[in-house]
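With my numbering applied, the sequence shown has no gaps in its numbers, which climb one by one up to 101 at the end.
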Amino acid sequence: MDEVVVFDPLTREQIGEIVELQLARLRSRLAERKLELELTPEASELIAEAGWDPAFGARPLKRAIQRLLENPLALELLEGRYEEGDTIRADAELGKVVFVA
1 MDEVVVFDPL TREQIGEIVE LQLARLRSRL AERKLELELT PEASELIAEA
51 GWDPAFGARP LKRAIQRLLE NPLALELLEG RYEEGDTIRA DAELGKVVFV
101 A
C-alpha cells in the first residue's frame with residue numbers, strides 16, 4: 001500500500017445533491033413518457049435518510065430510491081394512474097413516499 005486516502009463524512013447537503021443526481025435519471029425516463037416528477041423536501045429527506053449509512057456513505061442510496069420511489073411509482077404507472085403531461089408529486093407520509101398527480 002503506497003498511501004492512505006481519508007474521506008470526510010458526507011454532509012446533509014452533499015447527500016441531497018447525490019439524491020438529485022440519481023433522480024435525474026428517473027426524471028429522464030419519465031420525460032420519455034411525457035411525465036414530470038417533483039419531490040417535496042420531505043420526500044427528498046426521507047430518501048436521503050434511508051440511503052445514507054455511516055459506514056458506507058451514500059452507497060445504499062440507489063437501492064433506497066428503487067425501494068421507496070421507483071418501485072411504488074412503477075406500480076402506479078402500470079395501473080394507468082397518470083396521463084401524458086401529468087406532473088407527479090412525491091411526498092413523504094408515515095415513512096413512505098406517496099404520489100399525487
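Ideal Cβ placement from N, Cα and C applies to all residues, glycine included.
Since this is a predicted model, take the numbers as computed values, not measurements.
1) In chain order, what residues of the same chain have a beta carbon less than 8 Å from the beta carbon of Gln22, not counting five sequence neighbours either side?
2) Taking the alpha carbon of Gly57 as the point to measure from, which residue in Val100, Glu3, Ala101 and Gly16 has its own alpha carbon closest?
3) Once DSSP output is grouped into helix, strand and coil, what is the label at Ala58?
4) Less than 7 Å between C-beta atoms, sequence neighbours within five positions excluded: which residues of the same chain meet that for Gly85?
5) Could you tell me which of Leu75, Asp91 and Arg27 sits nearest to Leu46, measuring between CA atoms?
6) Starting from Arg89 and walking both ways along the beta strand (DSSP E), at which residues does that stretch end?
7) Starting from Val100, trace the beta strand (DSSP E) in both directions and tell me its first and last residue.
8) Thinking Val19 and Ala48 are a contact (beta carbons under 8 Å), I'd like their distance in whole angstroms, please.
9) May I have the straight-line CA-CA distance separating Leu78 from Leu68, to the nearest angstrom?
10) Leaving out the 5 sequence neighbours to the left and right, which residues in its chain are closer than 8 Å to Arg59 when beta-carbon positions are compared?
This is what the structure gives:
1) Scanning its chain for C-beta atoms nearer than 8 Å, with the 5 sequence neighbours on each side dropped, one finds around Gln22 the residues Leu61, Lys62 and Ile65, in chain order.
2) Gly16
3) Here Ala58 sits in coil by DSSP.
4) Lys34
5) Selected option, being the one with the closest Cα: Asp91.
6) Thr87 to Glu93
7) Lys96 to Val100
8) With a beta-carbon spacing of about 5 Å, Val19 and Ala48 fall inside the 8 Å limit used to define contacts.
9) 17 Å
10) For Arg59, same chain residues with a beta-carbon under 8 Å away, outside a window of 5 residues either side, are Asp53 in chain order.
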